[in-house]
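S.K.: I have a structure I would like to understand better, so I am pasting it below and will then ask my questions one at a time.
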Amino acid sequence: MTQAEIAIHGAGPVGCALALLLHGQGNAVVLIQKQIAAPSSLRPIALSHASRLILERAGAWQSLAPTAIETIHVSQQGSFGRTRLSAEDAGVPALGYVVDYRPFLDSLQHEVAERGIRMAAKANEAALTVHAEGSSEETKEKDYGQEAVVALVTMRPAASGTAWERFTPEGPLALLPMGGRLCVVWGMRPERARVLCDAPQADFLAALSQAIGRRAGELVSVGERHRAPLALRVRNSRVGERAAFIGNAAQTLHPVAGQGLNLGLRDAWDLAQVLRDATDPGEARVLQRFARLRRIDAATTVQVTDFLADAFLGNHRITGLMRGFALTALDICLPARRFFARRMIFGASALP
Ligand SMILES: Cc1cc2nc3c(=O)[nH]c(=O)nc-3n(C[C@H](O)[C@H](O)[C@H](O)COP(=O)(O)OP(=O)(O)OC[C@H]3O[C@@H](n4cnc5c(N)ncnc54)[C@H](O)[C@@H]3O)c2cc1C
Numbered sequence: 001m002t003q004a005e006i007a008i009h010g011a012g013p014v015g016c017a018l019a020l021l022l023h024g025q026g027n028a029v030v031l032i033q034k035q036i037a038a039p040s041s042l043r044p045i046a047l048s049h050a051s052r053l054i055l056e057r058a059g060a061w062q063s064l065a066p067t068a069i070e071t072i073h074v075s076q077q078g079s080f081g082r083t084r085l086s087a088e089d090a091g092v093p094a095l096g097y098v099v100d101y102r103p104f105l106d107s108l109q110h111e112v113a114e115r116g117i118r119m120a121a122k123a124n125e126a127a128l129t130v131h132a133e134g135s136s137e138e139t140k141e142k143d144y145g146q147e148a149v150v151a152l153v154t155m156r157p158a159a160s161g162t163a164w165e166r167f168t169p170e171g172p173l174a175l176l177p178m179g180g181r182l183c184v185v186w187g188m189r190p191e192r193a194r195v196l197c198d199a200p201q202a203d204f205l206a207a208l209s210q211a212i213g214r215r216a217g218e219l220v221s222v223g224e225r226h227r228a229p230l231a232l233r234v235r236n237s238r239v240g241e242r243a244a245f246i247g248n249a250a251q252t253l254h255p256v257a258g259q260g261l262n263l264g265l266r267d268a269w270d271l272a273q274v275l276r277d278a279t280d281p282g283e284a285r286v287l288q289r290f291a292r293l294r295r296i297d298a299a300t301t302v303q304v305t306d307f308l309a310d311a312f313l314g315n316h317r318i319t320g321l322m323r324g325f326a327l328t329a330l331d332i333c334l335p336a337r338r339f340f341a342r343r344m345i346f347g348a349s350a351l352p
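Set out below in structure tokens:
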């Protein structure tokens, strides 16, 4: 084995980002890629400003062509209360940047190849094995009994700059601007998701219009629709014997509030920082430091996401009123809005 070589299993976005960060700081690294078909269907990813900083430092931001989110409008169907979060409130140039998973991953993998990072199909013995293979069935913890319907909707006028998060009695609905259109990610019971995916275009648009109203503009047409299962999976420990787990391999979240990949990139960033000066990257002391560094950020992000996935379900009048007051209070209190927005952007990490 090459002394102190780090083997990263999984050339997904988190594995590629870690490979670029480690290679850039002089660590010996090999990326293990298996020929597993990556999702070719649409999957909008809202990258936070913190993720932008990490990708810039990895040298992988410049080649992306994301759609910036300047404002996020949060509301609930069937009751009062709404909050408008702006980039200005949070003190950042944009609250987030929307990319499609597949071209985003292609761009990262291209960058890895350009830098001459070693790729292999099989791992030899390594000083440290980093698991970035994505979600594992072994760690299943909570099934939300929901699937996400994902679809790209053409709007009139064309979508730009504003994302919509709408809590409907069926489940959370996110509308993200992407290249002039709105990308829908709508959590709901699997039977209902199946019906909406197979429904004629007019029926789908009518259901969506009923859920969001006319605030986002006129819904003109919808492209291919597909479904994604939703579950929470968290590993008990993110380190083992000469091993570390990052990204979805460490924790898989409900996509409400778009936190999964952002959290995974912060895992990659912190691991790279810990390994920067380590003479033996697989040493237990080094790995424990990494685990300690990630504990609070990961735990709070998991809790907030899990709370949001559940808290806005159902249409009980009293809980609707309480949610309405919470959204209104957030809307009128700038420090609270600022705290909330920055927490969603940076997590509990020490970035930037
Ligand atoms: C509908 C939907 C919307 C989402 N929206 C957002 C969002 O807006 N913002 C956000 O931050 N997150 C979002 N997410 C979550 C995000 O997609 C994941 O958190 C992210 O893809 C995790 O990246 P990863 O690299 O850890 O894992 P993956 O993306 O799963 O990549 C893992 C890679 O490892 C490879 N692999 C698997 N097994 C092996 C093996 N044995 N050996 C080698 N390689 C292997 C796989 O082929 C894959 O390429 C969303 C998810 C869904 C489903």
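My numbering puts the sequence shown at residues 1 to 352.
C-beta atoms are modelled at their ideal positions from N, C-alpha and C, and glycine is treated no differently.
All figures in this text were calculated on a predicted structure; none of them were measured in a lab.
Jot down the residue ranges of each uninterrupted beta strand (DSSP E) in the segment 69–108, minimum 3 residues, whole runs only, in chain order.
M.R.: List check, beta strand (DSSP E) in window: 71–76, 82–86, 96–100.
S.K.: Got a sec: does ligand 1 put a non-hydrogen atom nearer than 7 Å to the Cβ of Q33?
M.R.: Indexing the sequence shown from 1 puts residue 33 at position 33. Yes, Cβ of Q33 sits closer than 7 Å to a heavy atom of ligand 1.
S.K.: Look up G247 in the DSSP assignment and say whether it is helix, strand or coil.
M.R.: The residue labelled residue 247 in the question sits at position 247 within the sequence shown. It is helical.
S.K.: According to DSSP, simplified to helix, strand and coil, what is Q3?
M.R.: Mapped onto the sequence shown, residue 3 falls at position 3. Low local confidence applies: a pLDDT of 48 at Q3 is under 50, so the model's placement there is unreliable, and no value is given.
S.K.: Measure the alpha-carbon distance for G12 versus E70 and round it to whole angstroms.
M.R.: Residue 12 sits at position 12 when you count from the first residue of the sequence shown. Residue 70 sits at position 70 when you count from the first residue of the sequence shown. Rounded to whole angstroms, G12 to E70 spans 27 Å at the Cα level.
S.K.: So what's S48 in DSSP terms, helix, strand or just coil?
M.R.: Within the sequence shown, numbered from 1, the residue matching residue 48 stands at position 48. In the structure shown, S48 sits in a strand (DSSP, three-state: E or B).
S.K.: Heavy atom of ligand 1 less than 7 Å from the Cβ of I45, yes or no?
M.R.: Locating residue 45 in the sequence shown gives position 45, where the first residue counts as 1. Correct: I45 has its Cβ closer than 7 Å to ligand 1.
S.K.: In terms of residue numbering, what span does the alpha helix (DSSP H) encompassing E218 cover?
M.R.: If you number the sequence shown from 1, residue 218 lands on position 218. First-last for E218: 218–234, but that is the beta strand (DSSP E), not the alpha helix (DSSP H).
S.K.: Is L196 closer than 8 Å to S209 when the C-beta atoms are compared?
M.R.: Residue numbering aside, residue 209 sits at position 209 when the sequence shown is read from its first letter. Residue numbering aside, residue 196 sits at position 196 when the sequence shown is read from its first letter. Contact: no.
S.K.: Taking only runs that begin and end inside the segment 160–223, name each unbroken beta strand (DSSP E) of 3 or more residues, in chain order.
M.R.: Runs found: 162–168, 171–178, 181–188.
S.K.: Return yes when the C-beta of A228 is under 7 Å from any heavy atom of ligand 1, and no when it is not.
M.R.: The count along the sequence shown starts at 1 and reaches residue 228 at position 228. Flag set: Cβ of A228 near ligand 1.
S.K.: Can D267 and A250 be called in contact, C-beta distance under 8 Å?
M.R.: In the sequence shown, counting from the first residue as 1, residue 267 sits at position 267. In the sequence shown, counting from the first residue as 1, residue 250 sits at position 250. A contact, by the Cβ cut-off of 8 Å.
S.K.: Is there contact here, the segment 108–121 with the segment 21–33, by at least three beta-carbon pairs under 8 Å?
M.R.: Yes: at least three Cβ pairs fall under 8 Å.
S.K.: Write down the C-beta distance between G116 and G59 rounded to the nearest angstrom, noting that I regard them as a contact closer than 8 Å.
M.R.: Sequence index remark: in the sequence shown, residue 116 carries index 116 (1-based). Sequence index remark: in the sequence shown, residue 59 carries index 59 (1-based). Not a contact, Cβ separation roughly 13 Å.
S.K.: So L230 packs on G179, CB below 8 Å; how close in whole Å?
M.R.: Position 230 of the sequence shown, counted from the start, is the residue given in the question as residue 230. Position 179 of the sequence shown, counted from the start, is the residue given in the question as residue 179. Actually they are not in contact, since the Cβ atoms of L230 and G179 sit about 25 Å apart, beyond 8 Å.
S.K.: Where F307 and S41 are concerned, what is the direct C-alpha to C-alpha distance, given to the nearest angstrom?
M.R.: If you number the sequence shown from 1, residue 307 lands on position 307. If you number the sequence shown from 1, residue 41 lands on position 41. Roughly 28 Å between the two C-alpha positions.
S.K.: Helix, strand or coil, according to DSSP, for V153 in the structure here?
M.R.: Against the sequence shown, residue 153 aligns to sequence position 153. In the structure shown, V153 sits in a strand (DSSP, three-state: E or B).
S.K.: Measuring straight from C-alpha to C-alpha, what distance separates D143 and R189?
M.R.: If you number the sequence shown from 1, residue 143 lands on position 143. If you number the sequence shown from 1, residue 189 lands on position 189. Between D143 and R189, the C-alpha separation is close to 11 Å.
S.K.: Given this structure, state the Cα-to-Cα distance separating H9 from A244, to the nearest angstrom.
M.R.: In the sequence shown, the residue the question calls residue 9 occupies position 9. In the sequence shown, the residue the question calls residue 244 occupies position 244. Going from the Cα of H9 to the Cα of A244 covers about 10 Å.
S.K.: Could you compute how far the alpha carbon of M1 sits from the alpha carbon of V286?
M.R.: Position 1 of the sequence shown holds residue 1. Position 286 of the sequence shown holds residue 286. Only weak support exists for where M1 lies, its pLDDT of 45 falling under 50; the coordinates are left without a value.
S.K.: A50 and I296 - do their beta-carbons sit closer together than 8 Å?
M.R.: Position 296 of the sequence shown holds residue 296. Position 50 of the sequence shown holds residue 50. No. Outside cutoff.
S.K.: Please state whether the Cβ-Cβ distance between F204 and R225 is less than 8 Å.
M.R.: Start at 1 with the first residue of the sequence shown, and residue 204 comes out as number 204. Start at 1 with the first residue of the sequence shown, and residue 225 comes out as number 225. Yes; because the gap between Cβ atoms is below 8 Å, this pair is in contact.
S.K.: Got a sec? Which residues, its chain only, sit under 6 Å from A158 by beta carbon, not counting five neighbours each side?
M.R.: Translated into positions along the sequence shown, residue 158 becomes position 158. Closer than 6 Å at Cβ, skipping near neighbours: G180.
S.K.: Quick check on V112: does DSSP put it in helix, strand or coil?
M.R.: What you label residue 112 is simply residue 112 of the sequence shown in a count that begins at 1. In the structure shown, V112 sits in a helix (DSSP, three-state: H, G or I).
S.K.: Report yes if the C-beta of V234 is less than 7 Å from at least one heavy atom of ligand 1; otherwise report no.
M.R.: For this step, residue 234 is matched to residue 234 along the sequence shown. The answer is no for V234.
S.K.: Using the Cα positions of C16 and A193, report the straight-line distance between them to the nearest angstrom.
M.R.: Translated into the one-based positions of the sequence shown, residue 16 becomes position 16. Translated into the one-based positions of the sequence shown, residue 193 becomes position 193. The straight-line gap from Cα to Cα measures roughly 32 Å.
S.K.: Determine the direct distance from the alpha carbon of L265 to that of R57, and round the result to whole angstroms.
M.R.: Working through the sequence shown from its first residue, we reach residue 57 at position 57. Working through the sequence shown from its first residue, we reach residue 265 at position 265. One C-alpha to the other measures close to 12 Å.
S.K.: What is the rounded straight-line gap between the Cα of P169 and the Cα of A257?
M.R.: Within the sequence shown, the letter at position 169 stands for residue 169. Within the sequence shown, the letter at position 257 stands for residue 257. Answer to the nearest angstrom: the Cα atoms are 17 Å apart.
S.K.: Thinking L182 and V150 are a contact (beta carbons under 8 Å), I'd like their distance in whole angstroms, please.
M.R.: In the sequence shown, residue 182 corresponds to position 182, counting from 1. In the sequence shown, residue 150 corresponds to position 150, counting from 1. Not confirmed; about 12 Å, so no contact.
S.K.: What three-state label does DSSP hand T67 in the structure shown?
M.R.: The residue labelled residue 67 in the question sits at position 67 within the sequence shown. The answer is strand: DSSP assigns T67 an E or B state.
S.K.: Where do the ends of the beta strand (DSSP E) carrying V30 lie?
M.R.: If you number the sequence shown from 1, residue 30 lands on position 30. V30 -> beta strand (DSSP E) spans 29–32.
S.K.: For the putative contact between I6 and L275, defined by C-beta atoms under 8 Å, what is the C-beta separation to the nearest angstrom?
M.R.: Locating residue 6 in the sequence shown gives position 6, counting from the first residue. Locating residue 275 in the sequence shown gives position 275, counting from the first residue. Their Cβ separation, rounded to whole angstroms, is 7 Å, which keeps I6 and L275 in contact under 8 Å.
S.K.: Can you give me the start and stop residues for the beta strand (DSSP E) that V130 sits inside?
M.R.: By 1-based counting over the sequence shown, the position of residue 130 is 130. Its beta strand (DSSP E) spans residues 128–131.
S.K.: With H, G and I counted as helix, E and B as strand and the rest as coil, what does DSSP make of R338?
M.R.: Residue mapping note: residue 338 aligns to position 338 of the sequence shown, counting from 1. Correct three-state label for R338: helix.
S.K.: When every heavy atom of ligand 1 is checked, does at least one fall within less than 7 Å of the C-beta of Q259?
M.R.: On the sequence shown, residue 259 is found 259 positions in, with the first residue counted as 1. Checking every heavy atom of ligand 1 against the Cβ of Q259, one is found closer than 7 Å.
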